[in-house]
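Residue numbers (this note's numbering): 1443 to 1578. Glycine included, C-beta positions come from ideal geometry on N, C-alpha and C. This structure is a prediction, so every number in the text was calculated from the model and none was measured. Quick notes on the structure that follows.
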């Protein structure tokens, strides 16, 4: 008789620190900084499953001239309304990319994600990202 007993296991989305499926995959969109006054090119964010304090993916920024900078994203906190991560410039970036760690936020907006950053040196970039590929 199993009536009244707790389930033997919980679903993957119920694990502490697990990233909800809503965020997983590759997302892309046009970014701006300085409250929309400065075009920042294209932001491409890839999110895969990770636990707190671990790498969850990356951000690839391609500017108007084709230059790229890559940031490594480390999971700080996640729930159904937002994902917070530390974004740190990759060691292999070209000169001119900001290496300083800063916080980024991804928040569901319809079928998209809204990206916001606390990188003051970059003008606090923002972007609305649409899913371009599922999580592998």
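Residue burial classification, residue i (beta-carbon count within 10 angstroms, cutoff 16)
i            : result
residue 1521 : exposed
residue 1503 : buried
residue 1446 : Since pLDDT at residue 1446 reaches only 49, below the 50 mark, its modelled position is unreliable, and no value is offered.
residue 1527 : buried
residue 1548 : buried
Extent of the continuous beta strand (DSSP E) run through residue i
i            : result
residue 1470 : 1467–1475
residue 1500 : 1497–1504
residue 1513 : 1510–1520
residue 1484 : 1480–1489
residue 1571 : 1568–1575
Residue i in three-state terms, based on DSSP
i            : result
residue 1460 : coil
residue 1527 : strand
residue 1532 : coil
residue 1561 : coil
residue 1555 : strand
residue 1550 : strand
Identity of the residue in the options nearest residue i by Cα
i            : options                   : result
residue 1566 : 1543, 1574 and 1577       : 1543
residue 1476 : 1572, 1573 and 1560       : 1560
residue 1460 : 1572, 1530 and 1491       : 1491
residue 1530 : 1564, 1575, 1467 and 1572 : 1564
residue 1535 : 1550, 1525, 1506 and 1501 : 1501
residue 1546 : 1479, 1524 and 1506       : 1524
residue 1570 : 1465, 1463, 1557 and 1553 : 1557
residue 1465 : 1568, 1574, 1562 and 1555 : 1555
residue 1573 : 1467, 1478 and 1541       : 1467
residue 1512 : 1539, 1489 and 1506       : 1539
task = Determine contact between the segment 1507–1516 and the segment 1480–1499, defined as no fewer than three beta-carbon pairs at a distance below 8 Å.
result = Touching, yes.
Would you check if the segment 1463–1474 and the segment 1483–1493 touch, i.e. whether three or more CB-CB distances between them fall below 8 Å?
-> Yes, since at least three Cβ pairs between the segment 1483–1493 and the segment 1463–1474 fall closer than 8 Å, the two stretches touch.
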